[in-house]
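Under mature numbering (1 follows the signal peptide of the UniProt record, and there is no 0), read the sequence shown as residues -17 to -1, 1 to 475, first letter to last.
Just so you know, even glycine gets a beta-carbon here, dropped at the ideal spot from N, CA and C.
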Amino acid sequence: MLLSLLTVSLAAGSALAASTDDWRRRSIYQLVTDRFATSNDSSPTCDTDDRVYCGGTWQGIVNKLDYIQGMGFDAIWISPIVANVEGSTGDGESYHGYWTADQNSLNSHFGTADDLVALSSALHARGMYLMVDVVVNHMGGTSVPPDYSTLAPFNSESKFHPFCWITDYSNQTNVEHCWLGDNSVPLVDVNTEDDSVVDFFNSWIAGIVSNYSVDGIRIDTVKHVRQDFWSGFAEASAVYTVGEIFDGDVNYVSPYTKVLGGVLDYPTWYQLTSAFESTSGSLSNLVSTVQQAQSSYANGEFTAGSFLENQDNPRFQSITTDQGLVKNAMSWPFIQDGIPILYYGQEQGYTGGGDPANREALWLSGYVTQEKPLLQLVTSLNAARKAAIAANSNYLSTALTFPSVEGSTLAVLKYPMLALLTNGGSSSTPSWSVSGTGYDANEALIDVLTCTTYTADGSGGVSITGSAGEPVIILPTIAFNQTYCQSLSGSS
């Protein structure tokens, strides 16, 4: 029997300090609950083309927290938790969690209320945060018109916007009032102008955070709801909120940063993907977009979520498998101003294209950690970011700069970290010469990805020649724990 999210009262471990500022030092591992791990560690067949539940659960996540934490992540983002449309539709099953049927009940495919509490408690016992995905904009139907009586708690047509498909993304009213989805699964657009609907959602999100000790909220389809709805919703949650505004225009995304704790940084994502998907990508376009966002977002990019992959976009290795390009692109979220987010399976080299191919079962990888270059890359990047935060008390409020942008090479400075990137590809031998680093004359430096040591010149400048088109991430040797390098050589 499903339990009401608003009435359940369970002894979950209390949420950790989870303000927007507290989230800034975290790095997030995003996973699709149904595809990450099963409760009994089994490995059932999971064909993404089938678009069906494959068996992942909240208990399965608990079982694999060592795997996540071992890469250096201290927060996870899980799929929406509420009950969804049941059974097969013309678009498959709702294993992903975005076709809500009952806002007040949990998705029993993922487990029970006790299981969700256990996940929250297990995370908090490790000092990790829990982020839950939520959908406010719409609910899931199975026909046009939908059977409103099957939806809860909004079971009458008056609680939804009148039916119309979104046809004009340049018309914000059309974007906010018309419907996403298709004839098989229309996404029934909730009337968020209705005061009773607003009151429900504000109470609902407060209840989820309280009942399950949630530390942060990721919000789906934010641009499809009026902007002034979100400030009250965010305040009611009392935790960090990060919204999905699926758009590449900084000027369009920026206003949402004034009503939420942060946004997923789609404008930068578009340019990041373009810059590193081939050796002809534009690094200067990436630079200009980042600089525009730094000056336009309410908190700069400090509270934005930075990512390369997610459940809505093709995996980067479906675009290119050149490992030089892949490693440079993967490094970006960890060396920029905001909060890094890694989509599960990226560390295992998954190559799925667009939805549903990008929602593979991770158990098919065997959760292997040895001889996995991308997993080691992510582990090193997390270690480097933590070391930089520890070495500079102002690191999280220090805006990155670009001391060098030359052809296929880019230098990103966020003292004490200097990231040297290239889109020359794996057959290239990149070189960088960077001045104004802030390093002392002749200071000892280290590339945290390879543990190669360097020495700054008499002015603190850095001149480095790389190999195989791979990134170089520099820190002062004094700031980086050498036992990490010893463990790295011991595990290879």
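Helix, strand or coil: how does DSSP classify residue i here?
{"i": "Asn234", "result": "helix"}
{"i": "Ala367", "result": "helix"}
{"i": "Phe285", "result": "coil"}
{"i": "Lys355", "result": "coil"}
{"i": "Gly53", "result": "helix"}
{"i": "Thr460", "result": "helix"}
{"i": "Ser2", "result": "coil"}
{"i": "Thr405", "result": "strand"}
{"i": "Met313", "result": "helix"}
{"i": "Tyr78", "result": "coil"}
{"i": "Leu218", "result": "The question names Leu, but residue 218 in the sequence shown is Glu. Glu218: helix per DSSP, three-state reduction."}
{"i": "Pro250", "result": "helix"}
{"i": "Asp258", "result": "The identity of residue 258 in the sequence shown is Ala, whereas the question assumes Asp. In the structure shown, Ala258 sits in a helix (DSSP, three-state: H, G or I)."}
{"i": "Gly449", "result": "coil"}
{"i": "Leu347", "result": "helix"}
{"i": "Phe143", "result": "strand"}
{"i": "Asp325", "result": "One detail in the question is off: residue 325 reads as Leu in this sequence, not Asp. Strand."}
{"i": "Leu99", "result": "helix"}
{"i": "Val242", "result": "coil"}
{"i": "Gly307", "result": "helix"}
{"i": "Leu360", "result": "helix"}
{"i": "Leu291", "result": "coil"}
{"i": "Val118", "result": "coil"}
{"i": "Ala424", "result": "coil"}
Quick one: what's residue i bridged to in DSSP?
{"i": "Gln300", "result": "Beta-bridge pairing links Gln300 to no other residue."}
{"i": "Thr72", "result": "Gly75"}
{"i": "Ala58", "result": "Ile11, Tyr112"}
{"i": "Thr224", "result": "Ile200"}
{"i": "Ala66", "result": "Asp85"}
{"i": "Asp430", "result": "Thr435, Ile457"}
{"i": "Trp148", "result": "Trp162"}
The beta strand (DSSP E) spanning residue i covers which residue range?
{"i": "Asp172", "result": "169 to 172"}
{"i": "Asn87", "result": "83 to 89"}
{"i": "Val395", "result": "392 to 397"}
{"i": "Phe385", "result": "384 to 389"}
{"i": "Ile44", "result": "First-last for Ile44: 41 to 46, but that is the alpha helix (DSSP H), not the beta strand (DSSP E)."}
{"i": "Ser414", "result": "414 to 417"}
{"i": "Gly123", "result": "121 to 123"}
Thinking just about the alpha-carbon of each residue, which of the options is nearest to the one in residue i?
{"i": "Glu292", "options": "Val117, Tyr333, Ser271, Thr286", "result": "Tyr333"}
{"i": "Ser410", "options": "Gly449, Glu76, Phe146", "result": "Gly449"}
{"i": "Val117", "options": "Tyr12, Val225, Ile457, Leu403", "result": "Val225"}
{"i": "Asp74", "options": "Phe143, Thr31, Tyr326, Asp5", "result": "Thr31"}
{"i": "Asn194", "options": "Thr272, Ala312, Ala96", "result": "Ala96"}
{"i": "residue 476", "options": "Ile372, Gly231, Ile188", "result": "Because the chain is modelled from -17 through 475, residue 476 falls outside the range shown and cannot be assessed."}
{"i": "Tyr350", "options": "Asp17, Tyr327, Ala340", "result": "Tyr327"}
{"i": "Val45", "options": "Cys37, His107, Thr3, Gly444", "result": "His107"}
{"i": "Arg18", "options": "Gly70, Phe216, Tyr78", "result": "Tyr78"}
{"i": "Trp415", "options": "Tyr398, Gly421, Ser380, Gly452", "result": "Gly452"}
{"i": "residue 522", "options": "Ile302, Gln329, Ser301", "result": "Absent from the model: residue 522. The displayed extent of the chain is -17 to 475, so no value can be given."}
{"i": "Leu458", "options": "Ser348, Val158, Ala373", "result": "Ala373"}
{"i": "Leu404", "options": "Thr362, Ala312, Asp440", "result": "Ala312"}
{"i": "Tyr50", "options": "Phe290, Leu345, Glu426", "result": "Leu345"}
{"i": "Thr352", "options": "Lys47, Ser10, Pro386", "result": "Lys47"}
{"i": "Ala371", "options": "Gly407, Leu428, Lys310, Asp338", "result": "Leu428"}
Hey, could you find the ends of the alpha helix (DSSP H) residue i is sitting in?
{"i": "His160", "result": "155 to 160"}
{"i": "Arg18", "result": "16 to 19"}
{"i": "Thr436", "result": "Taken as a continuous stretch (DSSP letters only), Thr436 belongs to no alpha helix (DSSP H), being part of the beta strand (DSSP E) at 435 to 438."}
{"i": "Val181", "result": "178 to 195"}
{"i": "Leu269", "result": "266 to 279"}
Which value, in whole angstroms, describes the spacing of the CA atoms of residue i and residue j?
{"i": "Lys355", "j": "Asp172", "result": "43 Å"}
{"i": "Thr21", "j": "Val431", "result": "34 Å"}
{"i": "Met400", "j": "Ile318", "result": "8 Å"}
{"i": "Ala281", "j": "Tyr235", "result": "13 Å"}
{"i": "Ser214", "j": "Leu243", "result": "6 Å"}
{"i": "Ala276", "j": "Phe229", "result": "15 Å"}
{"i": "His207", "j": "Met122", "result": "13 Å"}
{"i": "Pro63", "j": "Gln331", "result": "24 Å"}
{"i": "Asn375", "j": "Ala462", "result": "9 Å"}
{"i": "Gln86", "j": "Phe137", "result": "9 Å"}
{"i": "Leu113", "j": "Thr466", "result": "29 Å"}
{"i": "Val455", "j": "Ser446", "result": "11 Å"}
{"i": "Ser196", "j": "Gln210", "result": "26 Å"}
{"i": "Thr272", "j": "Tyr131", "result": "43 Å"}
{"i": "Leu170", "j": "Gly164", "result": "5 Å"}
{"i": "Ala(-7)", "j": "Val100", "result": "Here Ala(-7) scores only 39 on pLDDT, less than 50, and its place in the model should not be relied on; the value that follows carries that caveat. Cα to Cα, the separation comes out at about 8 Å."}
{"i": "Ser(-14)", "j": "Ser301", "result": "At Ser(-14), the pLDDT of 42 sits below 50, so the modelled position is not reliable; the number obtained from the coordinates is stated separately. Between Ser(-14) and Ser301, the C-alpha separation is close to 41 Å."}
{"i": "Ala84", "j": "Ala105", "result": "28 Å"}
{"i": "Arg298", "j": "Gly441", "result": "43 Å"}
{"i": "Ser265", "j": "Lys369", "result": "29 Å"}
Examine chain C for any beta-carbon lying closer than 8 Å to the beta-carbon of residue i, and answer yes or no.
{"i": "Gln353", "result": "The chain inventory of the structure shown lacks chain C, comprising one protein chain alone."}
Closer than 7 Å: is that where the CB of residue i sits relative to any heavy atom of the ligand FAD?
{"i": "Ala371", "result": "The ligand FAD is absent from the structure shown, which contains no ligands of any kind."}
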